[in-house]
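Residue numbers (the UniProt record's numbering): 1 to 304.
Structure (structure tokens):
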């Protein structure tokens, strides 16, 4: 393998036939540089045809490449695949220890062997300071989580910290007193609502002896209604099908009766014609016209 690499570094003789799959060390170095830059830009992804053409142009535009035929994008891609396979073989060979003498091993180790550095994690957003509580109207039942938790006494702000306005003015004093009274009324009303909700929940729990299962009861009621509707639809469909079958049987019966009556009439006509012919033969009439007319009628009804 090392002899073949050394042979590929020598310049080709113009008099000898040239192999397209023979790459010199300079061409391979330019190929690895051009491919490696685009490979890293794509986050170690696959190159497209346009990018492979750019790699081929970079290899062909290097110094000293005029004596060789220009490389194509397909040749560059095949050469990179060959280098990757050779890198894997070389890495497996030196896995027990030692260093590789292949000149492109270190460069391919940095491109193919090492995994891309992990992206820095973005700092997670700070959690919300407080969650909004659902508003409830007076007299409505509270959720269980709110009803079970005992009401904690609310801390009242001191009057001095409640307002930064000067308290010497009687107008500000009256406004502060009114605001404090309104806040106390709101607190008392909230406490009354919580007490009423807790009392109503405890009364309902004591009457039933179990936890309220309104959601399950409502779901069961909806399923029963759906089953009832399906059963009624099945009954209606069955009645409609029975009515259709009865109508079809009646129509078939009428058709058979009509066909039977028609056949009976045909037989009656044929018998009458035969009687008439017998009378004509017995009478031995010489008038052949009447005989031909009766005979034609006879054949006509037979064909019917």
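Ideal placement from N, C-alpha and C gives every residue a C-beta, glycine not left out.
Where residue 320 falls, given that 16 or more other Cβ within 10 Å makes a residue buried: Outside the shown range of the chain, which is 1 to 304, sits residue 320, and nothing can be said about it.
Residue 75: first and last residue of the uninterrupted alpha helix (DSSP H) it sits in: By 1-based counting over the chain shown, the position of residue 75 is 75. If you look at residue 75, you'll find it in the alpha helix (DSSP H) that goes 73 to 93.
7 angstroms CB neighbourhood of residue 53 in its chain, flanking five on each side removed: Start at 1 with the first residue of the chain shown, and residue 53 comes out as number 53. Cβ neighbours of residue 53 beyond the five flanking positions: 73.
Whole-angstrom C-beta distance between residue 40 and residue 104, which should lie under 8 angstroms: In the chain shown, the residue the question calls residue 104 occupies position 104. In the chain shown, the residue the question calls residue 40 occupies position 40. That belief does not hold up - the Cβ atoms of residue 104 and residue 40 are roughly 16 angstroms apart, past 8 angstroms.
Residue 255, buried or exposed, once every other Cβ within 10 Å from all chains shown has been counted against 16: By 1-based counting over the chain shown, the position of residue 255 is 255. With fewer than 16 other Cβ atoms inside 10 Å of its own Cβ, residue 255 counts as exposed.
Assigned secondary structure, residue 166 (DSSP; H/G/I helix, E/B strand, else coil): The sequence position of residue 166 within the chain shown is 166, counting from 1. Reliability fails at residue 166, whose pLDDT of 46 lies under 50, so the model's placement of it is uncertain and the value that follows must be treated cautiously. In the three-state reduction of the DSSP assignment, residue 166 falls in the coil class.
Neighbour-count burial assignment, residue 75, 16 or more Cβ in a 10 Å radius: Position 75 of the chain shown holds residue 75. The residue in question, residue 75, is buried, as its Cβ has 16 or more Cβ neighbours within 10 Å.
Residue 100 (DSSP reduced to helix, strand or coil): In the chain shown, residue 100 corresponds to position 100, counting from 1. Residue 100: coil per DSSP, three-state reduction.
DSSP three-state assignment for residue 23, whether helix, strand or coil: If you number the chain shown from 1, residue 23 lands on position 23. Taken through DSSP and simplified to helix, strand or coil, residue 23 comes out as coil.
Which listed residue (45, 252 and 51) has its alpha carbon closest to that of residue 112: Translated into positions along the chain shown, residue 112 becomes position 112. The shortest Cα separation from residue 112 among 45, 252 and 51 belongs to 45.
Where residue 228 falls: helix, strand or coil (DSSP): Working through the chain shown from its first residue, we reach residue 228 at position 228. Helix, per DSSP.
Nearest-angstrom Cα separation, counted from residue 96 out to residue 77: What you label residue 77 is simply residue 77 of the chain shown in a count that begins at 1. What you label residue 96 is simply residue 96 of the chain shown in a count that begins at 1. Going from the Cα of residue 77 to the Cα of residue 96 covers about 31 angstroms.
Rounded straight-line distance, which links the Cα of residue 245 to that of residue 236: Numbered from its first residue, the chain shown carries residue 236 at position 236. Numbered from its first residue, the chain shown carries residue 245 at position 245. Taking the Cα positions, residue 236 is about 14 angstroms away from residue 245.
Inter-residue CB distance, residue 79 and residue 23 (contact presumed, cutoff 8 angstroms): Position 79 of the chain shown holds residue 79. Position 23 of the chain shown holds residue 23. Right, the Cβ-Cβ distance comes to about 6 angstroms (below 8 angstroms), so this counts as a contact.
Same chain, Cβ closer than 8 angstroms to residue 243, five either side skipped, listed in chain order: As a position in the chain shown, residue 243 is number 243, starting the count at 1. Once the five neighbours on either side are set aside, residue 243 has no close Cβ partner at all.
Simplified DSSP assignment, three categories, for residue 45: On the chain shown, position 45 is the one that residue 45 refers to. If DSSP states are grouped into helix, strand and coil, residue 45 belongs with coil.
Given residue 56 as reference, the closest of 42, 36 and 43 once Cα atoms are compared: Locating residue 56 in the chain shown gives position 56, counting from the first residue. It is 36 whose Cα lies nearest to the Cα of residue 56.
Environment of residue 34 [buried if 16+ CB atoms lie within 10 Å]: Along the chain shown, one-based indexing puts residue 34 at 34. Buried, because 16 or more other Cβ atoms sit within 10 Å of the Cβ of residue 34.
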